[in-house]
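Here is the structure we will look at, set down as structure tokens.
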Amino acid sequence: MVQIFSPVADTWIRLLLVGGLSLAGGSIVAAVGFAHSAYMTETDMRPHQPVPFSHRHHAGELGIDCRYCHSNVEAGPQAGLPPTETCMTCHSQIWTNAAMLEPVRKSLADNTPIPWTRVAKLPDYVFFRHDIHIAKGVGCASCHGRIDQMALTYRAKAFTMQFCIDCHRDPAPHLRPQDHITDMAWTPPANARKEGEAIAAHEGIRFGELTHCYVCHR
Amino acid sequence: MKRRIDHQSAGGPRVWAGIEELSDDPQFQAFIDAEYPAVQEFSKTARRDFLKLMGASFALAGLTGCEKSSFITALPYVDQPPNEVIGLPRYYATAVLLDGYAQPVIATAHAGRPTKLDGNPGHPATQGRSDIFMQSAVLQLYDPDRAAAPSRHGEAVSWADVESAIGVMRENWRSDQGEGVRLLLGPTTSPTLLRQIDAFRKQFPKARVHVHAAAGHEARRQITAAVYGQAAELHYNLGDCDVIVGLDDDFLGPGPDQVRNALGWSQARRRSSDRPGNRLLMAESVPTATGALAAHRLIADARRMPVLAEAMASALGVAGASKPDVTEAEANWIAGVVDACKDRAGRSLFVSGLSGSAATALWIARINQQLGNAGRTLNLTAPIVGPADAGTLADLVSDINAERVTSLLVFDCNPVYSAPAELNVGEAIKRVRSSVHLGLYRDETGALCEWQLPLAHPLESWSDARAIDGTVTILQPVISPFYDVRSVHDVFAKLLGAEDQAPDAAIRETWQASFGDAFEARWKQALHDGFIAGAAPFVTASPASNTVAPPNTTGDLDIVFQPDPTVWDGRFANVGWLQELPKTLTTVTWSNVIAVSPALAKRLSAANGDHVEVTVGKRHLKGPLWIMPGQAGNTVALYLGYGRTRAGRVGDQHGYDAYQVRPAGEPWLAQGSLRKLESREDLAVTQLHHRLDGFDLAREVTPGQVEQTTPEQASLYAPWPSSKNAWGMVIDLDSCIGCNACVTACTAENNVPVVGADQVRAGREMHWLRIARYYTGDVAEPRSFFEPVPCMHCEDAPCEMGCPVHATTHNSEGVNQMVYNRCIGTRTCSSYCPYKVRRFNFYDYRSPPESPEHAAHNPDVTVRSRGVMEKCTYCTQRIEAAHVAADKENRPIRDGEVVTACQQACPTKAIVFGDINDPNSEVSRLKRNGRHHVLLEELGTRPRTTYLARWRDDDTESRQG
Chain D
26 MVQIFSPVAD TWIRLLLVGG LSLAGGSIVA AVGFAHSAYM TETDMRPHQP VPFSHRHHAG
86 ELGIDCRYCH SNVEAGPQAG LPPTETCMTC HSQIWTNAAM LEPVRKSLAD NTPIPWTRVA
146 KLPDYVFFRH DIHIAKGVGC ASCHGRIDQM ALTYRAKAFT MQFCIDCHRD PAPHLRPQDH
206 ITDMAWTPPA NARKEGEAIA AHEGIRFGEL THCYVCHR
Chain R
4 MKRRIDHQSA GGPRVWAGIE ELSDDPQFQA FIDAEYPAVQ EFSKTARRDF LKLMGASFAL
64 AGLTGCEKSS FITALPYVDQ PPNEVIGLPR YYATAVLLDG YAQPVIATAH AGRPTKLDGN
124 PGHPATQGRS DIFMQSAVLQ LYDPDRAAAP SRHGEAVSWA DVESAIGVMR ENWRSDQGEG
184 VRLLLGPTTS PTLLRQIDAF RKQFPKARVH VHAAAGHEAR RQITAAVYGQ AAELHYNLGD
244 CDVIVGLDDD FLGPGPDQVR NALGWSQARR RSSDRPGNRL LMAESVPTAT GALAAHRLIA
304 DARRMPVLAE AMASALGVAG ASKPDVTEAE ANWIAGVVDA CKDRAGRSLF VSGLSGSAAT
364 ALWIARINQQ LGNAGRTLNL TAPIVGPADA GTLADLVSDI NAERVTSLLV FDCNPVYSAP
424 AELNVGEAIK RVRSSVHLGL YRDETGALCE WQLPLAHPLE SWSDARAIDG TVTILQPVIS
484 PFYDVRSVHD VFAKLLGAED QAPDAAIRET WQASFGDAFE ARWKQALHDG FIAGAAPFVT
544 ASPASNTVAP PNTTGDLDIV FQPDPTVWDG RFANVGWLQE LPKTLTTVTW SNVIAVSPAL
604 AKRLSAANGD HVEVTVGKRH LKGPLWIMPG QAGNTVALYL GYGRTRAGRV GDQHGYDAYQ
664 VRPAGEPWLA QGSLRKLESR EDLAVTQLHH RLDGFDLARE VTPGQVEQTT PEQASLYAPW
724 PSSKNAWGMV IDLDSCIGCN ACVTACTAEN NVPVVGADQV RAGREMHWLR IARYYTGDVA
784 EPRSFFEPVP CMHCEDAPCE MGCPVHATTH NSEGVNQMVY NRCIGTRTCS SYCPYKVRRF
844 NFYDYRSPPE SPEHAAHNPD VTVRSRGVME KCTYCTQRIE AAHVAADKEN RPIRDGEVVT
904 ACQQACPTKA IVFGDINDPN SEVSRLKRNG RHHVLLEELG TRPRTTYLAR WRDDDTESRQ
964 G
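Top line first, the protein sequences correspond to chains D and R.
Position in the first sequence (from 1) plus 25 gives the number in my numbering.
Position in the second sequence (from 1) plus 3 gives the number in my numbering.
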């Protein structure tokens, strides 16, 4: 009687089994990895801007407070990009002829907005509000990273749902005192949780209610 | 096994939603058994096509990953306006117009684009309430079919050409003092426009003004003038009435005074918590919303109204009234009226509509005089609407035909469509040497005039107008015009020979005189408040002593003409929100119908949708028949506003044109005949869609039953664990007038799409909130009920059990959440929902990306795409905004801080929303009311939306008000 299976059949089966499983597992790992990669989350990308604006220079070296330009951040959902007038408060006095600032002068002269490229962008189905995060002790750097060290601005954190919900599930360790909201160099104290819980209690943070869908999606 | 659907409550009346249901039609049963009837209609071969398509869709699904980069352009201001908070809306007080009257609004503008209109809470007449026309004005603003640039003989021209043509015209007019110049306009209340018309007549003394109104209060003003012997307008003070008696007067139905009447009526109705605060007795030929609410409703043909009025006058002892012959039913009803009015001097009100014209109204006026109502529940003012001493359209047409007209200027009025066809206005206009039409659309009239000038929408122009009580609102633009349009005042300024001026110059000039030295301050105050305090003063007048013969009624059938409940006289035909709104009582969408009584339909052996031919005099029209339960036997109702040919892409070619048979002499009640035709059409009706299966769907209580409320049903499940706030809603069925303001407000607030007539026929209308209309009793003489049904937000929600991907979940505040980006479209939730409040996007109903309608969307709410389920969210965007506002101040949310869109719009304040954890909140107070009940309570879903039962007040006990 003819043998159906050759002597190496067992080996083939084992190889196939191991190979198939590792391929499946590997694909999942690769897919998840790809989804979280800098390419997909668009972190560390410095898109072209009409003016090569340096946060490192303005916020870091000169120490201008975030809210001088992003003046809307405590009042409304969006932090707001500064109007051309804000740029010109200084640049009508200094660097008045710099070639780099030509688009800013042209914007004022033509009364047309400067077409910035948005760096920190959430999907359309996320209804994020800056004002309430600021009011409850979330610092700028918590989401935007060390803006004061960025020559050209990039997205420092991957704005995935995981990123948001980690903090919404357990806000306490991420909170900071009100006078350090815009402080880029602030580091959490050793007892961050205890301090944060005190801040949360003081700010009346609604523990447990922040993870509901309608808080961000509607 | 299929269950019989039969809403038989123990000992209670049978509740039915349509006549098909009453007749136990097997087709109807099949329709009901299907969750989405249209889905059942896949043919056999379609299954293979479906699989092929599905395969292709899967293959293509990967492509959706190829999204464009998220690095998009962000445009800041160059010079940011002071106080501007980016991302938050700004609010402007202004007004939109209906029938010439101002409807005061607060416009919400996001980034300079108005997205939502709501009533102005400070306004004395409307107190922040709205109606469907006010709510949908914002969609008309963004209508891409609006006239966008001036044209001459259909060729685009510039405004410079128009101005030079006006200059030439003025030269010609000056030579003969305006002989042959005619202005034709709709009724207007604008003090500035009236001033400009006066100035025009001073410049050209021989010019004449004509007014044309196809519907609205113009006819009432004429009747009132005939009755009182002087031009006047009637004002009902329903808030002070114990008893209201009406003859064919739909005062709670659509119209310029709906909001004020509804407010007054409902406030009086809720005066006491243990019995209805007033009683309504109505005699009607055609069922209306007002009749549906009556304690006693008499069905009588339109021609009977003058007789009934005189019979009531005679029974109430009015001098000069003889006792006419009445039927037994009529005599009983009149006895009820007399009984109800006993000891109610000055606390009752008699009202009449257009049936029987001045003959009816004169007796009604005398009754009000006799009972001491005049000056208390019924007030008169001088006419708020002008221009005075204007001619009619019929005068104008005969002048044109007599070659006496050389120039015709038509302002915001469409007589070619909306005039009785027998006047043949179109032919007349063609005979005029030079004709100018100023209007929002290049409509039927605009197409025939030499010049068509695009008019600015009220939301993009400066103007002024008076509300129904005479209070002036200054209209300010909320957006700068995005078409090349001008306001009526700009065009008039050119006709007056003025140089270019600021757009608000004419309005400022009008108010300069009355504001005087404090002009700037008072002007700013008026713009801020949205009105200038000071209603029209009341005047006293007695009804004339002459007798008026009732109109000649010798024909077979009474043909009654009514404005359409949603598109009015046709001017709103291109507004999709209004077309898709199920009309009060009929629930028909996208068409008008010829309404007849069940008895007449039986004589014709016709069913709903069968074509019939109506003949009035020598003119005919063909339209779909509608069997209207409760309509008088020999009365036929025709609805205006349809059959348009140049309304735009939305409004053209729906329904029939009732103006074709409307007699110019008797525009409201004519005599005619009816003939059944062989053809029929499938109407887009919603009355049988989204049906509930259960008991006691339309609950009524008598004052005696109020105390016997059943305790909350026991449940094996623990109550839903709640955080600080627990949201709930109570809807008072006794106050609901079925006006659809809530549905329109919800559509505007929540970006609800318009799906079109075919999709409505398939049961796919997307309204998150529907007004279910139920009947009980006999088809000839039913009782009618309105029941608004939004998502119930059940604590034990069946839909949440069904979803395989947790796209619908519950939050700790008790809101049943719908997460669009999780939804994979299985529709299980909808089939599990016993209240049928979920809506599925079978197609991508969004307008193309470049459509201007997108600007009307609320940016705080997702615009849903194909394949996802959606439903009422309790306006979660407003809840979250209130949370943010409260959390920023570290305080709890106050009662009344979260107002849902439907609640905000409701003219009778029938909808109350709030925190049920707070025992002192309004909603908690209502949940303890004796009339409180839960819809489909037997299912144990523990809904957060609950109801107050309607008062049943046709017995003697409740008369002791």
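Each residue gets a CB set at the ideal place from its N, CA and C atoms; glycine is no exception.
Every value quoted in this text rests on a predicted model; they were computed, and no experiment measured them.
In this structure, Phe74(R) lies away from Pro140(D), with their beta-carbon atoms at least 8 Å apart.
DSSP places Thr831(R) within a helical segment (H, G or I) once states are collapsed to three. Rounded to the nearest angstrom, the gap between the Cα atoms of Trp514(R) and Asn240(R) is 30 Å. Fully contained in the region 306-337 of chain R are the following alpha helix (DSSP H) runs of length 4 or more, in chain order: 308-318. Below 8 Å, enough C-beta pairs join the region 154-165 of chain D and the region 226-239 of chain D to call them touching: three or more. If you check each beta-carbon in the region 80-108 of chain R against every beta-carbon of chain D, the ones closer than 7 Å belong to Tyr80, Val81, Asp82, Gln83, Val88, Ile89, Gly90 and Leu91. Straight through space, the alpha carbons of Ala393(R) and His220(R) are spaced by roughly 15 Å. For Glu110(D), the closest C-alpha among the options Ile89(D), Cys91(D), Pro138(D) and Met125(D) is that of Pro138(D). Counting other Cβ atoms within 10 Å of its Cβ, Pro540(R) stays below 16 and is therefore classed as exposed. Of the residues Thr618(R), Gln565(R) and Gly170(R), the one whose Cα lies closest to the Cα of Asp559(R) is Thr618(R). Put simply, the backbone Cα of Leu939(R) is about 50 Å away from that of Pro554(R). When the Cα atoms are used, His126(R) and Gly731(R) turn out to be separated by approximately 28 Å. Close partners of Ile75(R) in chain D (Cβ separation under 9 Å): Thr142, Arg143 and Lys146.
As DSSP reads the structure, Thr236(D) sits in no beta bridge. When DSSP states are grouped into helix, strand and coil, Leu91(R) belongs to the coil group. Met175(D) is bridged by DSSP to nothing; it lacks a bridge partner. DSSP places Trp629(R) within a strand segment (E or B) once states are collapsed to three.
Residues of the region 720-749 of chain R with a Cβ closer than 8 Å to any Cβ of chain D, in chain order: Ser726 and Lys727. Look at Gln634(R) here: in three-state DSSP terms it is coil, with no helix or strand label. The alpha-carbon of Trp580(R) is positioned some 8 Å away from that of Leu142(R). Leu100(R) places its beta carbon less than 8 Å from that of Ala468(R).
Residue burial is scored here from C-beta neighbours: Phe845(R) has at least 16 other C-beta atoms within 10 angstroms and is therefore classed as buried. Note that the C-beta distance between Arg525(R) and Val615(R) is not below 8 Å. DSSP places Gly170(R) within a helical segment (H, G or I) once states are collapsed to three. A contact between stretches requires three or more CB pairs, one per stretch, nearer than 8 Å, and the region 343-351 of chain R meets this requirement with the region 232-247 of chain R.
What Phe152(D) touches in chain R, judged by beta-carbon distance under 7 Å, is Asp863, going in chain order. The CB of Ser132(D) comes closer than 7 Å to the CB of Val81 in chain R, given here in chain order.
Setting aside the 5 residues that flank it on each side, Gly183(R) is surrounded in the same chain by Arg407, Val408, Thr409 and Ser410, each with a C-beta closer than 7 Å to its C-beta; the list follows chain order. At the C-beta level, Leu443(R) and Arg149(R) come within 8 Å of one another. Around the beta carbon of Gln30(R), a 10 Å sphere encloses fewer than 16 other beta carbons of the protein chains shown; the residue is thus reported as exposed.
A distance below 8 Å separates the beta carbons of Arg869(R) and Asp847(R).
Note on geometry: alpha-carbon atoms of Pro484(R) and Leu478(R) lie some 14 Å from one another.
Listed in chain order, the alpha helix (DSSP H) elements of length 4 or more contained wholly in the region 519-565 of chain R are 522-532. Taken in chain order, the members of the region 878-890 of chain R whose beta-carbon sits within less than 7 Å of a beta-carbon on chain D are Thr879, Gln880, Glu883, Val887 and Asp890. Annotated three-state conformation of Asp201(R) is helix, per DSSP. Using a Cβ-Cβ cut-off of 8 Å, Tyr823(R) is close to Tyr150 and His242 of chain D, given in chain order.
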